[in-house]
Amino acid sequence: MPMSATEVRDLSKEFLEHVYAIPEGEKINQCIQCGTCSASCPSAEAMEYGPREIIAALRAGMLDRMFESNTVWLCASCYLCTVRCPAGIPFTDVMYELKRLGVKKGLYAKGTPNAVMARIFVDSVQRYGRNAEMRLIRLFFMKTNPLKGVGMVPLGLKLLKKKRLKFGVKKIKGIEGLRKMLAAVEEEEAQR
Amino acid sequence: MVKITIDGRKIDAREGQTVLQAAKEAGIDIPTLCHHESLDPYGACRFCTVEVKSRGKTKLVTSCTLPVAEGQEIRTRSEKVKKTRKILAELMLARCPNSTVIRDLARKVGVNRSRFRRPPEDLATITDQEGCILCGMCVRICDDVMQVGAIGFEGRGVRRKVTNPFREPSDTCLVCGACSSVCPTRAIEHSRIRPQKPEVIPFEFEEGMSGRKPIYMEFAQAVPKVPVIDEDTCMHFRTGGCKVCEDNCSAEAIDHEMEEKIEEIEVGTIIVATGFKLYEAEKLSRYGYKAYPDVYTSLEFERLCHASGPTMGKIQTRAGKKPEAVAILHCIGSRDENHLEYCSRVCCMYSLKFAHLVREKTGAEVYNFYIDIRSPGKGYEEFYKRLLKEGVHFIRGKGTEVTDVWETEEEKGKLVVISEDTLLGVRRRVPVDMVILSLGLRPQDDADQVSHLFSIGCAQGGFFLEKHPKLAPVDTPSDGIYIAGACQGPKDIPDTVAQGAAAAASALSLMDKGKVVLEPVRAKIDEEKCCGCKLCVANCPYQAIDYNEEKKVSMVHPELCKGCGTCAAGCPSGAATQENFEDVQIFAEIEGALAE
Amino acid sequence: MTGEPFEPRLVGFLCRWCSYTGADLAGMSRMEYPPNLAPIKVMCSGRVDPTFVVKAFRDGADGVLIAGCHPGDCHYSTGNYKALRRYPLLLNLLDQFGIERERVRLEWISASEGEKFAQVVKEFTETVRALGPLCWKERVGAGAGAPGE
Amino acid sequence: MTEATVKKKLVYSYFPGCSLEGTNEAYDVSTRNAARVLGVELRELEDWNCCGATAYVAVNEKKSFVLSARNLALAEKAGLDLVTVCSGCYLALYKANKYIGRNPKLRAEVRNALRAGGLDFAGNVRVRHFLEVVVNDVGEDAVKRHVVRPLQGLRVVCYHGCQIGRPFGDIDDPEKPNLMDRLLSWLGAEPLDFPMSSKCCGGLMMTTHPEVGMKLTGAVLKCACRRKADAIITACPLCQVNLESRQEEICRLVGCDCGIPVMYFTQAMGTALGLGSKELSLGDSLTPVEEVLSAKGVLS
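Protein chains in written order, with this note's numbering: chain E, 9 to 200; chain B, 82 to 677; chain X, 5 to 153; chain S, 440 to 739.
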């Protein structure tokens with residue numbers, strides 16, 4: 009279901025509010041559409057829209073299209089666009105805002121692998137205080153594409169031979185404290 | 082005047098001349114190898130031998146050492162002379178059988194092979210064995226003229242050779258190149274004297290794309306059009322010797338003792354027209370300037386396509402190849418928060434000019450990478466359209482990176498420009514042979530100091546600030562100081578000329594009046610109230626207040642006072658006031674501003 | 005108290021060469037900033053007598069801005085340094101009156117800094133708004149004479 | 440002991456990070472051992488937690504800052520600079536530290552959360568990358584003094600990856616970093632000009648979008664191959680894994696057959712400092728690291 013113009017407007021507004029909160033975020037309005045970001049982006053070729061087009065879409069009131077595309081999820085956060093942008097827009101941070109908004113609103117194409125991975129990652133930190141690599145990979149392939157996971161077996165065996173696969177996960181000692189900290193953020197956010 | 086006869090021709094020679102010089106002036110060719118204007122005659126090669134008849138006797142003498150004398154009769158082509166030259170040629174040929182200079186000379190006098198035996202191997206250490214004829218010019222110029230004395234002779238007879246002391250690499254040699262420049266057979270090998278590459282002095286005006294001498298013309302249109310001597314590289318200033326240029330100047334116009342002079346001129350008005358500087362390409366490492374030789378700044382390219390430039394206007398790569406494709410990257414450094422925030426205004430048009438010249442001169446494909454084409458001048462848009470007609474490519478997207486990392490065969494050995502074609506939303510890689518960076522304009526390095534010097538202030542970006550953008554575009558806050566040209570902001574030639582004329586007219590109109598109108602804002606001191614504390618004397622930045630010892634009060638010199646009012650603000654007794662800005666007036670203003 | 009937000013009244017002493025021109029530029033450039041500041045032109049920030057500031061407070065100002073050329077840029081070469089030196093003395097004086105130091109602000113604003121001028125006025129208005137009305141009479145006493153009277 | 444002498448003695452809090460506990464143990468081992476030889480004391484941060492990097496930021500930024508801040512608070516307690524070798528952790532911690540320091544509102548919120556878990560953070564910690572510590576704090580003279588087996592004849596390309604110089608550019612040029620090149624030349628190796636030095640390896644995309652990630656890693660490998668490098672030196676665990684784990688497959692994809700060893704700068708440095716294969720876990724590598732070092736005669 010495509011969004012109505014009002015819905016898109018509200019979405020853009022919410023997005024901009026978040027962007028303005030990041031340092032230098034208000035510079036998003038200064039974009040001159042020069043294409044430096046898209047030309048610098050290592051994954052631009054695989055993106056349905058380049059980074060530049062995100063701002064063009066925002067201005068045109070078509071931001072919803074960006075959430076339907078693979079664009080934001082292909083950002084590898086290499087920060088090349090950020091350091092090069094002649095308008096000083098912290099574009100990598102803007103991409104993160106889009107990811108977060110997408111996750112929050114469930115606005116991403118079904119099975120977007122990064123969103124799945126991010127959720128497992130967050131869950132792992134909540135449980136153990138650290139990321140458990142093996143668990144992450146295992147769950148990731150289970151939830152996205154078990155067949156592809158099978159394709160990873162040879163690499164897994166190689167790593168296993170080198171004793172580079174660690175199965176156990178150690179919980180940090182202060183896990184309770186950490187959970188309280190994260191809960192405090194949630195509480196604060198809920199209040200708003 | 083001395084009257085002599087050469088080969089039957091009567092010649093007027095000058096007192097003190099040698100026969101060789103007199104003959105040369107008269108256009109009579111006497112072959113020689115070891116003669117040089119800056120060196121004393123030495124007679125080493127003996128090739129200039131002539132037959133001279135005086136007082137009835139004839140004898141063979143080297144003409145380079147023979148002074149002219151009244152009534153001398155000289156023969157330069159007699160059988161005796163010819164025979165002597167042949168023998169000399171044979172001797173030289175025996176020593177240097179492979180030297181082209183010697184072989185050509187020998188052939189000229191009819192010698193093709195030598196009857197003499199070749200001297201033993203290892204004749205020379207610093208010279209090419211095949212070439213050195215032991216004329217000693219290198220040793221003499223190094224010693225007598227350059228006053229360095231890095232090389233000398235060693236051994237005698239057939240073992241004689243030119244060497245470094247102890248045959249060790251020299252550390253006294255200054256790598257000036259005088260030895261090789263005088264060597265008649267081009268036999269010197271620098272690296273054997275001192276293993277250090279002779280440095281080319283980069284010619285500033287040509288952006289270092291060609292070299293220059295220590296004495297040079299700064300540029301073709303220099304005013305006054307006289308050469309200058311660069312003291313840092315001139316041999317005379319390094320060793321006290323040389324002065325070869327003086328020997329060569331027939332007008333005797335060169336004076337090494339002349340010093341830089343600073344003249345103080347009293348003037349009534351000043352026009353500041355200090356220009357701009359090109360933004361530094363090195364600050365944008367992603368374009369590979371300096372890393373890739375065929376990435377040029379716009380100023381470098383300007384010289385490259387100029388008829389008087391380093392290639393005489395031929396557009397070619399550093400390797401001397403005609404380019405097949407050229408990329409011009411607009412907005413480099415300009416419109417960029419990390420560099421110059423403003424639009425440099427002239428780059429679009431000069432980039433279009435470059436594109437046109439490349440098309441015209443080489444027929445190469447030209448790719449302009451631009452964000453916006455700004456052509457808002459008279460006839461400018463028409464020029465843009467003409468280029469579109471000429472088939473120049475325009476890619477709307479900032480040229481983002483230049484790399485030599487190739488992905489396809491087509492890109493191999495080329496420079497690849499990466500950009501987004503924003504009209505298509507597609508990332509493009511364009512392989513080219515040359516890249517021109519259209520760099521922005523920035524203020525001069527000392528703009529800040531100059532602005533302080535004249536109290537004129539700088540606008541954002543660092544260019545000088547005009548008094549009013551519309552009503553006083555060439556005036557400054559300092560009366561009598563005017564600004565013109567790119568020091569006020571990036572601008573092209575027509576605008577600069579117009580502004581220059583305006584500034585000159587403004588300066589003239591001020592001078593024409595012959596008097597200056599002062600503002601009616603002055604400090605004054607009420608003698609009744611003054612307690613003589615002298616605080617105002619210390620406060621005044623213009624020494625416009627003096628303390629009158631007799632009256633025990635301070636007094637203002639109205640012609641010196643500029644009316645800042647600092648004295649009034651600091652006066653404890655309320656004696657110092659500022660006309661038109663008196664306390665009561667300001668109080669009234671405050672009251673007015675705060676009235677309900 | 006009515007429900008209306010408190011609108012602070014500010015007086016600005018602007019040097020004629022830099023800050024006043026900067027304010028002009030802000031206007032010419034159609035920059036938006038709160039209308040709370042009443043500018044008063046002086047030839048130089050060095051002309052600002054501390055009594056001007058006290059007078060302004062006494063007459064109902066909630067904040068006073070003094071603005072001059074950047075150090076080194078003074079049209080009269082050193083007037084702004086004099087202003088800078090007087091500033092701490094002025095603050096001491098205000099301390100004695102029990103007036104918050106934040107109510108006086110010294111800024112360097114050049115002729116080209118229209119944007120900065122607007123920004124300073126915006127910030128200063130908010131600062132003083134947060135401090136609330138000065139209420140000179142309640143604090144210093146109705147009887148306190150103002151300079152120049 | 441005063442703070443100054445602690446600094447002088449080169450003592451740091453050490454943050455290994457989750458990845459060094461997992462597949463990249465070799466990086467941890469070689470870091471600790473090389474540091475020991477250089478006289479740098481790395482004290483592991485007591486009970487550290489996930490830094491909150493990339494994948495976490497995509498869900499909740501504030502929580503990720505809190506995760507970083509917990510580590511920063513622990514380091515502040517220890518009173519030492521916080522050093523890490525993982526570029527991902529480095530940037531997450533560095534950025535959190537910088538933003539928390541710059542933004543009072545964020546600072547208040549983060550401290551609030553920390554206090555809920557019994558910690559606090561005043562903002563007096565420096566976050567450092569071990570590479571920069573070696574180059575700047577240990578310095579050229581000391582490093583050279585400790586070299587016992589110069590990496591003579593080893594042609595290397597230094598692959599800095601994205602997150603050392605970017606986005607802040609505080610420790611190295613954001614686009615043309617050269618910290619590692621300097622270090623490797625002190626160790627006697629020959630660092631080659633490497634235009635891909637700070638280009639992206641694909642990061643997490645190797646798992647989530649392998650078709651994209653492999654292309655990017657492939658471009659790095661191909662360039663290293665063309666420069667005829669003996670080895671790629673990295674300073675990031677993710678780069679290392681991406682460059683070596685599926686190298687054959689990737690090379691086939693981009694059309695080069697190099698089989699190029701990939702090692703951490705700590706492994707290269709440790710070798711030059713005289714450490715053995717075991718102490719540097721060289722055998723953990725999926726690429727022929729030991730072979731190339733032996734062939735060059737720098738590994739006995």
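Each residue gets a CB set at the ideal place from its N, CA and C atoms; glycine is no exception.
Within 10 angstroms of the beta-carbon of Thr99(B) lie 16 or more other beta-carbons, which makes it buried. Val728(S) is classed as buried because its beta carbon has at least 16 other beta carbons within 10 Å across all chains shown.
Taking a Cβ-Cβ threshold of 8 angstroms, the residues of chain E close to Ser500(B) are Gly43 and Ala47, in chain order.
Arg127(B) carries a coil assignment under DSSP once its states are collapsed to helix, strand and coil.
DSSP places Arg67(E) within a helical segment (H, G or I) once states are collapsed to three. Beta-bridge annotation (DSSP): Gln659(B) is paired with Ala604(B). Contact of Ile44(X) with chain B by beta-carbon distance below 9 angstroms involves Ile667, Glu670, Ile671 and Ala674. For Ala553(B), the beta-bridge partners assigned by DSSP are His549(B). Look at Glu501(B) here: in three-state DSSP terms it is strand. For Ser635(B) and Phe544(B), the gap between their C-alpha atoms comes out near 41 angstroms. Taking a Cβ-Cβ cut-off of 7 angstroms, the neighbours of Val505(S) in chain E comprise Met189, Leu190 and Val193, given in sequence order.
Beta-bridge pairing by DSSP links Trp487(S) to no other residue. Collapsing the DSSP output to three states places Pro676(S) in a helix. By the Cβ neighbour-count rule, Val665(B) is exposed, with fewer than 16 other Cβ atoms within 10 Å of its own. Sixteen is the threshold: when 16 or more other Cβ atoms of the shown chains lie within 10 Å of the Cβ of Ala126(E), as they do, the residue is buried. Here the alpha carbon of Ile44(X) sits roughly 16 angstroms from the alpha carbon of Val602(B). Under the Cβ distance rule, Glu61(E) counts among the residues neighbouring chain B, one pair being separated by less than 9 angstroms.
Around the beta carbon of Val239(B), fewer than 16 other beta carbons sit within 10 angstroms, so the residue counts as exposed. Among the CB atoms of chain E, none fall inside 9 angstroms of the CB of Asp609(S). The C-beta of Glu547(B) has 16 or more other C-beta atoms within 10 Å across all chains shown, which makes the residue buried. Of all residues in the region 471-495 of chain S, only Asp486, Asn488, Cys489, Thr493, Ala494 and Tyr495 come within less than 7 angstroms of chain E when Cβ atoms are compared, listed by chain position.
Contact between His117(B) and Val263(B) holds: CB atoms are separated by about 5 angstroms, below the 8 angstroms threshold.
The Cβ atoms of Asn488(S) and Gly137(E) lie closer than 9 angstroms to each other.
Pro122(B) has its alpha-carbon roughly 13 angstroms from the corresponding atom of Phe128(B).
The three-state secondary structure of Trp112(X), taken from DSSP, is strand. DSSP links Pro148(B) through a beta bridge to Thr99(B). In this structure Gly652(S) is buried. Its beta-carbon is surrounded by 16 or more other beta-carbon atoms within 10 angstroms. Taking all protein chains in view, the Cβ of Met619(S) is crowded by 16 or more other Cβ atoms within 10 Å, so the residue is classified as buried. Met35(X) has a beta carbon lying at 9 angstroms or more from every beta carbon in chain B. When C-beta atoms of the region 428-435 of chain B are compared with those of the region 480-495 of chain B, fewer than three pairs fall below 8 angstroms, so the two segments do not count as touching. A straight-line Cα-Cα distance of about 8 angstroms links Cys39(E) and Pro94(E). Excluding sequence positions up to five before and after Pro622(B), its CB lies less than 6 angstroms from no other CB in the same chain.
Excluding its 5 nearest sequence neighbours in each direction, Leu172(B) has C-beta neighbours in its own chain below 8 angstroms: Ser195 and Phe197, listed in chain order. Per DSSP, the unbroken alpha helix (DSSP H) holding Asp28(X) starts and ends at Ser23 to Met32. Secondary structure within the region 562-623 of chain S: the alpha helix (DSSP H) runs of 4 or more consecutive residues, fully enclosed, are 578-585 (chain order). Residue pairing by DSSP puts Thr139(B) in a beta bridge opposite Lys134(B).
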